[in-house]
Amino acid sequence: MRDCVLYTRGTVFPEHDGRRFSQEGERDVDIHQLRNVGIIAHGGAGKTTLAEALLFNAKATERMGRVDDGSSHFDYDPEEIRRQITISTSFHHYNWNKVEVTVADTPGYINFEADTHACLRQLDGAVLVVNAVSGVEVQTEKMWHLACDAGVPAIAFVSKMDRERADFQKAVDEISDILKVHAVPVQLPLGSEEGFRGVVDLFRMKAYVYKGETGQFDVTDVPSDLADAVAKGREKVVEAAAESDDSLLEKYLEGASLTEEEIRKGFTSGVRSMKVLPVLCGSALRNIAIHPVLDMINFVLPDPSFRGEVKGTNPKKKTEDVRPISIDAPFSALVFKTLADPYAGKLSIFKVYSGKLSPDMSPLNAGKNATERIGQIFRLEGKKQKPVGSASAGEIVAVPKFKETSTGDSLCD
Numbered sequence: 138m139r140d141c142v143l144y145t146r147g148t149v150f151p152e153h154d155g156r157r158f159s160q161e162g163e164r165d166v167d168i169h170q171l172r173n174v175g176i177i178a179h180g181g182a183g184k185t186t187l188a189e190a191l192l193f194n195a196k197a198t199e200r201m202g203r204v205d206d207g208s209s210h211f212d213y214d215p216e217e218i219r220r221q222i223t224i225s226t227s228f229h230h231y232n233w234n235k236v237e238v239t240v241a242d243t244p245g246y247i248n249f250e251a252d253t254h255a256c257l258r259q260l261d262g263a264v265l266v267v268n269a270v271s272g273v274e275v276q277t278e279k280m281w282h283l284a285c286d287a288g289v290p291a292i293a294f295v296s297k298m299d300r301e302r303a304d305f306q307k308a309v310d311e312i313s314d315i316l317k318v319h320a321v322p323v324q325l326p327l328g329s330e331e332g333f334r335g336v337v338d339l340f341r342m343k344a345y346v347y348k349g350e351t352g353q354f355d356v357t358d359v360p361s362d363l364a365d366a367v368a369k370g371r372e373k374v375v376e377a378a379a380e381s382d383d384s385l386l387e388k389y390l391e392g393a394s395l396t397e398e399e400i401r402k403g404f405t406s407g408v409r410s411m412k413v414l415p416v417l418c419g420s421a422l423r424n425i426a427i428h429p430v431l432d433m434i435n436f437v438l439p440d441p442s443f444r445g446e447v448k449g450t451n452p453k454k455k456t457e458d459v460r461p462i463s464i465d466a467p468f469s470a471l472v473f474k475t476l477a478d479p480y481a482g483k484l485s486i487f488k489v490y491s492g493k494l495s496p497d498m499s500p501l502n503a504g505k506n507a508t509e510r511i512g513q514i515f516r517l518e519g520k521k522q523k524p525v526g527s528a529s530a531g532e533i534v535a536v537p538k539f540k541e542t543s544t545g546d547s548l549c550d
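Take the sequence shown: its letters are residues 138 to 550, numbered as in our numbering.
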């Protein structure tokens, strides 16, 4: 038997430029240009609609799917369509400014939270969706704790800002008070309820005014009536950045101004250490203020290498072994979900922890001492699959028709 490891899980924003994700044949993927992001929320908060809006604005889909008419790219199971809820985590991907993002739309209802928990442990970031009308709800709190338990840094998105009784500040206050987290708005809304039309970006200090539901926007100066609120909001962003880095805090307390680069660096550090939860807002259904969410995912959420390494047991030597999350290490992966596809048959979904997987390999199932043949490797696009020539460290992919391998099993070279 081969030696292998049985793994257990123990600049200002770039300019908006969505591009289609493309991948054919053998390829090497820069792990620093990957994001694996879960969308989490209380059921009905607008989680799946946000996921659809992310795909559409990144040009990964030609139309924005909707939950209410059964056209969602994520909620495609007949029972999900009938009940208009997410029952099982589904995956899709997009490319935004050369960063490849795998999006996992997770269940928000308590009956299906075990699936959310299992998937979150393989993700590297999360977007916590909070209803602007209802605020923090029971499962909002539960999902936040699941993300914390999994060590997954997050950003928050206050959804449905166009709805009657939408209240951004109330939502922010509840996030801080109920979730016990340092919630820092990085935007302020322009208008409210039916008059909601965009946001003020507290990093760029510009207003983004959206044109209907097109996703297009004009960039303008901050409205004079919001000048005081924007100045206070900006100061809180700078404070959060300073408090996340001792050297920046010392400089800030001495009265010196932080550079834009220092603010970005400090703020990102605060998010990744889970000391800060950035709060954005928008209307996914009306396609307002989605581009900033795409930017923020790239900007503050970590790539897979952020976790550093994985520990496991060498099944031959029966000793602990460690592998870095890197393409330069031997191949290892964990199967964390299994699907039954009507065309592909059994689909094993796994995250590649280290190394690279190619169709000509026969990795070992470390727990069952059985080799598996690799035929095709797929990227998941909702209910569809797209063949890829290989999978590198940090990627989430699927392989059909494993004979011995099931959920929870490790694969290695």
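Each residue gets a CB set at the ideal place from its N, CA and C atoms; glycine is no exception.
Next item on the list: With residue 521 as the anchor, note down where its beta strand (DSSP E) starts and where it stops.
Entry: In the DSSP assignment, residue 521 falls within the unbroken beta strand (DSSP E) covering 521–525.
Next item on the list: Could you round the C-beta distance between residue 435 and residue 233 to whole angstroms and report it? I think they count as a contact, below 8 Å.
Entry: Taking the Cβ atoms as the reference, residue 435 lies roughly 6 Å from residue 233, within the contact range of under 8 Å.
Notebook entry, point to check: Can you tell me whether DSSP reads residue 158 as helix, strand or coil?
Noted result: Low per-residue confidence applies at residue 158: pLDDT is 36, beneath 50, and the placement is therefore not dependable, though the value from the model is reported in the following sentence. Reduced to three states, the DSSP call for residue 158 is coil.
Notebook entry, point to check: Taking the alpha-carbon positions, what's the residue 204 to residue 394 distance?
Noted result: Computed Cα separation, rounded: 47 Å.
Checklist line | Straight-line Cα distance separating residue 486 from residue 536 | finding: So the two alpha carbons sit approximately 7 Å from each other.
Margin query: Assuming residue 472 and residue 546 are in contact, meaning their beta carbons sit under 8 Å apart, how far apart are those beta carbons, in whole angstroms?
Written below: Indeed they touch by this definition, with Cβ atoms about 5 Å apart.
Check: Ordered along the chain, which non-local residues of its own chain (more than five positions away) have a Cβ less than 6 Å from that of residue 505?
Finding: Once the five neighbours on either side are set aside, the close Cβ partners of residue 505 are 541.
Next item on the list: Have a look at residue 442 and residue 448 and give me their C-alpha separation to the nearest angstrom.
Entry: Each residue's Cα considered, the two are about 14 Å apart.
Next item on the list: With DSSP as the reference, please indicate the residues paired to residue 548 in a beta bridge.
Entry: According to DSSP, residue 548 bridges with 470, 502.
Note to self: If I follow the unbroken alpha helix (DSSP H) through residue 310, where does it start and stop?
What the structure shows: Element bounds for residue 310: 305–316.
Notebook entry, point to check: Looking at C-alpha atoms only, which residue of 357, 544, 339, 512 is the closest neighbour of residue 538?
Noted result: Minimum Cα distance to residue 538 is reached at 512.
Next item on the list: Leaving out five residues on either side along the sequence, give the residues of the same chain with a beta carbon under 7 Å from the beta carbon of residue 544.
Entry: 472, 473, 474, 475, listed in sequence order.
Item checked: Outcome for residue 316 when other beta-carbon atoms lying within 10 angstroms are tallied against a minimum of 16 -> For residue 316, the number of other beta carbons within 10 angstroms of its own is at least 16, and it is reported as buried.
Next item on the list: Tell me, please, which residues DSSP counts as bridged to residue 345.
Entry: Paired residues: 336, 356.
Next item on the list: Measure the C-alpha to C-alpha separation of residue 289 and residue 239 and round it to an integer number of angstroms.
Entry: Approximately 15 Å between the Cα atoms of the pair.
Checklist line | Own chain, CB closer than 7 Å to residue 297, minus 5 neighbours either side, in chain order | finding: Counting only Cβ-Cβ distances below 7 Å, and skipping sequence neighbours, we find 183, 268, 269, 270, 303, 420.
Next item on the list: Rank 519, 355, 452 by C-alpha distance to the C-alpha of residue 189 and give the top, closest one.
Entry: Nearest option by C-alpha distance: 519.
Checklist line | Rounded separation between residue 158 and residue 231 - CA only | finding: Residue confidence for residue 158 is low, a pLDDT of 36 falling below 50, so the modelled location carries little weight and cannot support an answer.
Notebook entry, point to check: Would you report the Cα separation of residue 277 and residue 262, rounded to the nearest angstrom?
Noted result: Distance between the alpha carbons of residue 277 and residue 262: 16 Å.
Notebook entry, point to check: Can you tell me the Cα-Cα spacing of residue 470 and residue 492, whole angstroms?
Noted result: Looking at the backbone, the Cα of residue 470 and that of residue 492 are separated by about 9 Å.
Notebook entry, point to check: Got a sec? Which residues, its chain only, sit under 6 Å from residue 531 by beta carbon, not counting five neighbours each side?
Noted result: Close CB contacts of residue 531 within its chain, under the 6 Å cut and outside five residues either way in sequence, are with 168, 171, 441 (chain order).
Check: For residue 507, which residues does DSSP report across the bridge?
Finding: DSSP lists 502 as partners of residue 507.
Margin query: Runs of 4 residues minimum, wholly inside the region 237–321: which ones carry the alpha helix (DSSP H) assignment?
Written below: Runs found: 250–257, 275–286, 305–316.
Next item on the list: Report yes or no: do the region 345–358 and the region 416–431 share at least 3 C-beta pairs separated by less than 8 Å?
Entry: As far as the Cβ criterion goes, the region 345–358 touches the region 416–431, which means the pair count is three or higher.
Next item on the list: Would you kindly work out how many angstroms separate the C-alpha atoms of residue 358 and residue 367, rounded to a whole number?
Entry: Rounded to the nearest angstrom, the two C-alpha atoms are 11 Å apart.
Item checked: Residues near residue 528 by beta carbon distance below 6 Å, same chain, minus five either side -> Annotation for residue 528: 489, 494, 514, 534 place their beta carbon closer than 6 Å to its own, counting only its chain and skipping 5 residues before and after.
Item checked: Where residue 220 sits in the DSSP three-state scheme -> Note: residue 220 maps to helix in three-state DSSP.
Next item on the list: Closer than 8 Å by C-beta to residue 201: which residues in its own chain qualify, once you throw out the five before and the five after it? Chain order, please.
Entry: Within the same chain, residue 201 has close Cβ partners 189, 190, 192, 193, 424.
Notebook entry, point to check: Rounded to a whole number of angstroms, what is the C-alpha to C-alpha distance between residue 131 and residue 468?
Noted result: Residue 131 lies beyond the residue range present for the chain, which begins at 138 and ends at 550; the question has no answer from this structure.
Notebook entry, point to check: Between the Cα of residue 364 and the Cα atoms of 178, 338, 352, which residue gives the shortest distance?
Noted result: Answer by Cα proximity: 338.
Margin query: Taking 9 Å as the threshold (C-beta atoms), are residue 264 and residue 293 in contact?
Written below: Against a cut-off of 9 Å, the Cβ pair of residue 264 and residue 293 comes out as a contact.
Note to self: Does residue 299 pass the burial test, meaning 16 or more other C-beta atoms within 10 Å, or should it be called exposed?
What the structure shows: Label assigned to residue 299: buried.
Next item on the list: Counting only the same chain and skipping the five closest in sequence on each side, list residues whose C-beta sits under 6 Å from that of residue 464.
Entry: Taken in chain order, the residues that qualify are 493, 529, 530.
Note to self: Nearest by alpha-carbon distance to residue 291: which of 412, 517, 229 is it?
What the structure shows: Closest by alpha carbon: 412.
Next item on the list: Starting from the C-beta of residue 253, find all residues in its chain whose C-beta is less than 8 Å away, skip the five residues before and the five after it, and write them out in chain order.
Entry: Here the set comprises 175, 177, 226, 243, 244, 245, 280, 283.
Check: Looking only at C-alpha atoms, which of 257, 524, 384, 550 sits nearest to residue 509?
Finding: The shortest Cα separation from residue 509 among 257, 524, 384, 550 belongs to 550.
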